[in-house]
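Trainee: Take the position in the sequence shown, starting the count at 1, then add 56; the result is the number in my numbering. Built from N, CA and C at the ideal position, the CB exists for glycine as well. Given the structure is predicted, the values throughout are model-derived calculations rather than measurements. Handing you a structure now.
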Amino acid sequence: MDKQIREDLKNIWHPYTQMKDCEFLPPIFIEKAEGIYLYDSKGKQYMDTISSWWCNIHGHCHPHIMRAIKDQTEKLDHVLFAGFTHKEAIKLSSNLLDITGNHIKKVFYSDDGSTAVEAAIKMSFQYWQNTGQKNKTKFVSLDKAYHGDTIGTMSLGGISQYTEIFEPLFYKTYKVPTPYCYRCPMNAEKDNCAFECLKPLKELLAEKHQEIAGLIIEPLLLAAAGMIVYPVEYLDGVGRLAKKFGIHLIVDEVATGFGRTGKMFAHEHSDIVPDFLCISKGLTSGTLPLAVTMTTNEVYDAFYGDYEEGKTFFHGHTYTGNPIACSAANASLEIFKKEKTIDNLHVKINILKENLAKFTTLKYVGDIRQIGLIGAIELVKDKKTKAGFDMDERIGLQIYKKGLEKNIILRPLGNIVYVYLPLVINIDEIKEVLRKLYSIIKEFCEEYKN
Ligand SMILES: *Cc1c(COP(=O)(O)O)cnc(C)c1O
């Protein structure tokens, strides 16, 4: 183990990592990055097929973003955002309002996905308090949802092997079944599906809407749950029910925002009208931490009044609206325009879709899911029963190691192997990623002994 890594392991505690695993799988020391490639200290190249945890968009070290950051550092590093403002935050708010629906009118800054969600939850909660509907204090979410790792956002998420230990700390929320079509909660088949999975939500809202403040949902893709892609009809149904029963619709676009699903925002595939939009990961194209919670004038106005009325939203994070991060986000949005990023996606998405189809014949491939430039393969021990592999078998770890040997970065979510491609990737690179992925899964299927 070289000196730098030894020093890392002596001092650093890495996220989502059993540090003991680093004895046989030390962290990879990345020295530079360009486009979709990362380079380690020995010059070995890796394809960043998961966009460095779902945030990179235009490729690493895109010159336009790097230039914007450099320019900004010569003018203004940071200033508190209560009582002060600056050019980049003003410009970014207007840029964001230009690309979101007409009803979205206000931008509240924070610094990561979890805080964007926390701010939305607190705003929704306080909205009902400020407007005199004091019983509306509960939230609804999907039973496999992921909205972040803070206690407030974990309370909204599904209970997983990662979160169950913290359960005593959670506030009470209502959970409804996730439209996980491969493992349909209502046991429906594709051709006889009438979206019965909306029924539990409808019943819950009919009974409890007077105590429900809002519903939070990841539009069309539950990423952390295992890249679960669900039909737009379900999302439309959720939107209709939220409206009918007078609760807020909080749309968590932290993972799906900025073209990941083929449109700028995933909810644009549907008819829903969000009351809140939570945005982070792709906002700065994966360069600096930044997040926003966007909302309507209706919500905003419920907080507007004389100070003594006690309607103020007392919430804020130290690095709120950081100028350097805002300049990176503005530069990223300029690239979207200049490089016609969204228009160019169509062809790439089709290539991904075509190349994924041939995985079906492999022995342990149970389901193939795809939306935009995201593709996922659910591995199962038995295609008939859909029984998964035991977590203890750590097949994800085997796939991860195979990926590294073939210079691609795969971090499976349990039994789900996926790619979450940076939008800048070109067609040849998509084909290369899928070729490598195919040979890795094929090799796994041949080697695995039941
Ligand atoms: C990653 C993620 C979050 C949390 O974002 P962080 O920046 O990791 O706090 C919230 N919601 C969704 C849908 C996410 O994918």
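1. The alpha helix (DSSP H) with Glu-31 in it runs from where to where?
2. Beta-carbon separation of Phe-195 and Ile-272 under 8 Å?
3. Determine the burial state of Gln-426: buried for a count of at least 16 other Cβ atoms within 10 Å of its Cβ, exposed for fewer.
4. For Val-480, name the three-state secondary structure that DSSP assigns.
5. For Arg-425, which beta-bridge partners are listed by DSSP?
6. Under a three-way DSSP split, which group does Gly-270 fall into?
7. Check for me: the beta strand (DSSP E) holding Ser-231 runs from which residue to which?
8. Do you know offhand how far Tyr-356's Cα is from His-304's?
9. Can you give the Cα-Cα distance for Ile-407 and Tyr-230, rounded to whole angstroms?
10. Would you identify the three-state DSSP class for His-120, choosing helix, strand or coil?
11. Name the one or two DSSP bridge partners that Leu-333 has.
12. Tell me the residue span of the beta strand (DSSP E) that contains Asp-96.
13. Using the DSSP secondary-structure output, state which residues sit across from Asp-33 in a beta bridge.
14. Taking Ile-398 as the reference, which of Ala-443, Ser-336, Cys-382, Glu-324 has the closest Cα?
15. Can you tell me which of Glu-410, His-265, Arg-239 puts its alpha carbon nearest to the alpha carbon of Tyr-507?
16. Could you please give the first and the last residue of the uninterrupted beta strand (DSSP E) stretch that includes Lys-161?
17. Could you check whether the Cβ of Ser-336 sits closer than 7 Å to any heavy atom belonging to ligand 1?
18. What are the residues that DSSP puts in a beta bridge with Lys-88?
19. Considering only residues of the same chain and omitting the five flanking positions on each side of Phe-314, which have a CB-CB separation below 6 Å?
20. Who are the near neighbours of Gln-128 in its chain, counting only those whose CB is closer than 7 Å to its CB and skipping five residues on each side?
21. From which residue to which residue does the beta strand (DSSP E) around Tyr-102 run?
22. Please classify Ser-326: does DSSP put it in a helix, a strand, or coil?
23. Three-state secondary structure (DSSP) at Ser-107?
24. Look at the Cβ atom of Phe-332, then the Cβ atom of Ser-180, and state whether they are nearer than 8 Å.
25. Tell me the residue span of the alpha helix (DSSP H) that contains Phe-181.
26. Say yes only if the C-beta of Gly-169 is nearer than 7 Å to one or more non-hydrogen atoms of ligand 1, and no if none qualify.
27. DSSP state of Ile-284, grouped into three classes?
28. From the DSSP output, which residues share a beta bridge with Lys-194?
29. Let me check one thing: in DSSP terms, what residues is Gly-473 bridge-paired to?
30. Out of curiosity, what's the CA-to-CA distance linking Trp-109 and Ser-341?
31. Assuming contact is defined by CB atoms lying nearer than 8 Å, are Cys-334 and Val-173 in contact in what I supplied?
32. Among Ile-481, Asp-167, Asp-446, whose alpha-carbon lies nearest the alpha-carbon of Gly-428?
33. Should the segment 490 to 499 be regarded as contacting the segment 455 to 472, the criterion being three or more beta carbon pairs within less than 8 Å?
34. Determine the DSSP secondary structure at Ile-61, reduced to helix, strand or coil.
35. Kindly confirm or deny that the segment 358 to 375 and the segment 205 to 212 touch, where touching means at least three C-beta pairs closer than 8 Å.
Mentor: According to the structure data:
1. An answer regarding residue 31 cannot be provided, because it is not within the stretch 57 to 506 covered by the chain.
2. Counting from 1 along the sequence shown, the entry for residue 195 is found at position 139. Counting from 1 along the sequence shown, the entry for residue 272 is found at position 216. Going by C-beta atoms, Phe-195 is nearer than 8 Å to Ile-272.
3. In the sequence shown, residue 426 corresponds to position 370, counting from 1. It counts as buried.
4. The residue given as residue 480 occupies position 424 in the sequence shown. Three-state DSSP puts Val-480 in coil, outside helix and strand.
5. Numbered from 1 along the sequence shown, position 369 holds the residue referred to as residue 425. Partner(s): Ala-432.
6. On the sequence shown, position 214 is the one that residue 270 refers to. DSSP places Gly-270 in strand when its eight states are reduced to three.
7. Indexing the sequence shown from 1 puts residue 231 at position 175. The sequence given here places Lys at residue 231; Ser does not occur at that position. Taken as a continuous stretch (DSSP letters only), the beta strand (DSSP E) holding Lys-231 covers 230 to 232.
8. Taking the sequence shown and counting its residues from 1, the one referred to as residue 356 is at position 300. Taking the sequence shown and counting its residues from 1, the one referred to as residue 304 is at position 248. So the alpha carbons of these two residues sit roughly 13 Å apart.
9. Start at 1 with the first residue of the sequence shown, and residue 407 comes out as number 351. Start at 1 with the first residue of the sequence shown, and residue 230 comes out as number 174. Whole-angstrom Cα-Cα distance: 39 Å.
10. Counted from its first residue, the sequence shown places residue 120 at position 64. Three-state result, His-120: helix.
11. Mapped onto the sequence shown, residue 333 falls at position 277. In the DSSP output, where bridge partners are listed per residue, Leu-333 has Val-307, Met-350.
12. As a first step, residue 96 is located in the sequence shown; it is residue number 40 there, counting from the start. Unbroken beta strand (DSSP E) run through Asp-96: 93 to 96.
13. Any property of residue 33 remains undetermined from this structure, which presents the chain solely from 57 to 506.
14. Reading the sequence shown from its first residue, position 342 is the one you call residue 398. Minimum Cα distance to Ile-398 is reached at Glu-324.
15. Beyond the ends of the chain as shown, which are 57 and 506, falls residue 507; an answer cannot be given.
16. Taking the first residue of the sequence shown as position 1, residue 161 is located at position 105. Its beta strand (DSSP E) spans residues 160 to 166.
17. For this step, residue 336 is matched to residue 280 along the sequence shown. At least one heavy atom of ligand 1 is nearer than 7 Å to the Cβ of Ser-336, so yes.
18. Position 32 of the sequence shown, counted from the first residue, corresponds to residue 88. Answer by DSSP bridge pairing, in chain order: Tyr-95.
19. For the purposes of this step, residue 314 is taken as residue 258 along the sequence shown, with counting starting at 1. So the qualifying residues of the chain are Ile-113, Gly-338.
20. Locating residue 128 in the sequence shown gives position 72, where the first residue counts as 1. Correct list, in chain order: Glu-144, Pro-379, Ile-380, Ser-383.
21. Stepping through the sequence shown from its first residue, residue 102 is reached at position 46. 101 to 103 is the extent of the beta strand (DSSP E) around Tyr-102.
22. Stepping through the sequence shown from its first residue, residue 326 is reached at position 270. Note: Ser-326 maps to coil in three-state DSSP.
23. By one-based count along the sequence shown, residue 107 stands at place 51. Residue state, collapsed to three classes: helix.
24. By one-based count along the sequence shown, residue 332 stands at place 276. By one-based count along the sequence shown, residue 180 stands at place 124. In this structure, Ser-180 lies closer than 8 Å to Phe-332 by Cβ.
25. For the purposes of this step, residue 181 is taken as residue 125 along the sequence shown, with counting starting at 1. 169 to 186 is the extent of the alpha helix (DSSP H) around Phe-181.
26. What you label residue 169 is simply residue 113 of the sequence shown in a count that begins at 1. Yes; taking the cut-off as 7 Å, the Cβ of Gly-169 has a heavy atom of ligand 1 nearer than that.
27. Looking up residue 284 in the sequence shown gives position 228. The answer is strand: DSSP assigns Ile-284 an E or B state.
28. By 1-based counting over the sequence shown, the position of residue 194 is 138. Answer is Ile-268.
29. Along the sequence shown, one-based indexing puts residue 473 at 417. This sequence places Val at residue 473; Gly is not what is there. The partner list for Val-473 (beta bridge, DSSP) reads Ile-433.
30. Here residue 109 is taken as the residue at index 53 of the sequence shown, counted from 1. Here residue 341 is taken as the residue at index 285 of the sequence shown, counted from 1. Rounded to the nearest angstrom, the two C-alpha atoms are 11 Å apart.
31. What you label residue 334 is simply residue 278 of the sequence shown in a count that begins at 1. What you label residue 173 is simply residue 117 of the sequence shown in a count that begins at 1. In this structure, Val-173 lies closer than 8 Å to Cys-334 by Cβ.
32. Along the sequence shown, one-based indexing puts residue 428 at 372. Answer by Cα proximity: Ile-481.
33. yes
34. On the sequence shown, position 5 is the one that residue 61 refers to. If DSSP states are grouped into helix, strand and coil, Ile-61 belongs with the helices.
35. no
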